[in-house]
Each structure stands twice: as structure tokens, then as C-alpha cells.
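Residue numbering for the sequence shown follows UniProt numbering, beginning at 1 and increasing consecutively. C-beta atoms are modelled at their ideal positions from N, C-alpha and C, and glycine is treated no differently. Since we're looking at a predicted model, the values are computed, not measured. Notes follow once the structure below has been shown.
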Amino acid sequence: MFNKPSLSNRNDTIAKKDVRNILGTPPTISQATTESSDKALPHSTSVASKTQQPINVTEPASESTMGARLIVGPDVKLKGAEILDCDTLVVEGRVEATMDSRVIRIADQGSFAGKVSIDIAEIHGNFEGELTARSQLIIHSTGKVSGKIRYGKLVIDEGGELCGDINAISAEKQHPIKPLSEVSLPIAALAG
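Structure, rendered in C-alpha cells:
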């Protein structure tokens with residue numbers, strides 16, 4: 001299909017890419033590609049029965065662990081979207097959306113407006129809206145963040161801007177402590 005060589009001719013002398021390489025397993029050296037076209041393999045000899053030496057192919061770690069990644073390039077505007085199942089969003093243009101994901105990176109010229117619930121937010125550009133960075137919010141020297149901001153840890157480089165309703169996400173908010181009056185009520189009942 002589309003000028004691809006067929007995979008069914010075993011006596012073909014042209015070396016073919018191993019299909020398993022596409023699926024992430026290391027390719028193997030095929031003995032059939034080293035045979036000359038004048039010599040036909042007897043039916044009793046099987047190519048699969050010959051010893052094959054695997055070739056170790058390693059992928060860069062950044063590509064194999066990257067996950068689902070969406071890049072909104074410069075001069076691109078994405079409006080009115082709900083971004084789902086995206087591990088990393090890289091904003092180089094303008095995005096108006098809602099998102100629940102792992103990582104957002106807003107480039108120097110990038111801009112995001114909307115509601116984001118994220119593990120790590122790294123801001124070089126502009127963010128306006130509601131941002132919850134469960135793990136860490138990093139605002140670089142060119143970054144500007146405004147709106148309702150919640151964060152686990154906060155890092156702001158000199159020159160970075162942060163304004164709005166800003167609060168840290170703390171263990172107390174996740175596990176509310178009972179008011180002192182509720183705790184002291186049983187003690188007061190015993191005393192009196």
C-alpha cells in the first residue's frame with residue numbers, strides 16, 4: 001500500500017526494516033537477507049530456527065517517558081477547548097481553555113486564560129484565571145500570573161509577577177481540624 005514493499009517474499013535480497021522496531025522491541029538480524037537470490041532455501045530449513053542476534057536499540061529517555069504532549073505553537077490560538085488526557089501542554093501561542101493534567105509550560109510569548117488543575121506549572125509567559133498547581137508553581141523572571149491561584153510549593157524568580165487570590169494548598173485544608181469548641185465540649189461535660 002502506498003509503494004511499500006511486501007513483507008511476504010522471504011527470498012528477497014533487499015534488507016527490510018523489522019516491523020518490531022516500530023513497536024518498541026529491538027530489531028533482529030534476519031538470515032534470509034544475507035542469502036543470495038540465486039540460492040533458494042530448502043523447505044526443511046527455517047529462517048526462524050536459525051540463531052538470531054538481537055541489535056540493542058535504545059531510545060532517548062525523554063522521548064520514551066514523555067507521554068501525551070500537546071504543543072500550541074507561536075501565532076496559534078486555541079479557544080473554548082477542554083484539554084483532556086494530555087500529560088504536558090506547551091503553550092507558545094494563546095490558549096483559552098480548561099485543563100486537568102500533569103504539566104503545563106507557558107513559553108515567553110505564550111498566554112493561557114482559563115481554569116487549570118495541574119501537578120506542575122512552569123510559567124515564562126502570561127497566565128490569567130484559576131490555577132491549581134498541586135505540586136509546584138514555578139514563575140520565571142518573564143512570567144506573569146494573575147487570578148485565583150493555589151499551589152503546593154511556590155518558586156518565583158526575580159522579576160516574576162504574581163497577583164490575585166493566592167493561597168498555599170496545605171495538609172490542613174485537605175484534612176480539616178475540628179474547631180476547639182467541639183474538642184473541648186466533652187472535657188467540659190466531664191468537669192461539670
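- Taking each of Thr98, Ala168, Val91, Arg69 in turn and checking the Cα distance to glycine 129, the smallest one comes out for Thr98.
- Note on geometry: alpha-carbon atoms of isoleucine 120 and arginine 102 lie some 6 Å from one another.
- Following the DSSP letters along the chain, one finds valine 90 inside the beta strand (DSSP E) bounded by residues 88-91.
- CA-CA distance, isoleucine 169 to lysine 77, rounds to 31 Å.
- For arginine 94, the uninterrupted beta strand (DSSP E) segment begins and ends at 94-100.
- Ranked by how close their Cα comes to the Cα of arginine 134, the residues Ile83, Cys86, Lys153 have Lys153 in first place.
- Around phenylalanine 112, the same chain offers Val91, Val95, Ile106, Phe127 as residues with beta carbons nearer than 6 Å, after the five sequence neighbours per side are excluded.
- Under the DSSP assignment, alanine 107 falls outside any beta strand (DSSP E); it carries neither an H nor an E label.
- DSSP links threonine 132 through a beta bridge to Ser117, Arg150.
- The beta-bridge partner set that DSSP reports for glutamate 82 consists of Thr98.
- Put simply, of Leu137, Ser141, Gly147, Gly93 the residue whose alpha carbon is nearest the alpha carbon of glycine 73 is Gly93.
- Glycine 114 places its beta carbon 8 Å or farther from that of glycine 125.
- Distances from the alpha-carbon of aspartate 157 to those of His140, Ile83, Arg69, Ile166 put His140 closest.
- Residue burial annotation: valine 155 is exposed, with fewer than 16 other C-beta atoms found within 10 angstroms of its C-beta.
- The three-state secondary structure of glutamate 161, taken from DSSP, is strand.
- Assignment of alanine 68 by DSSP, reduced to helix, strand and coil, places it in the coil class.
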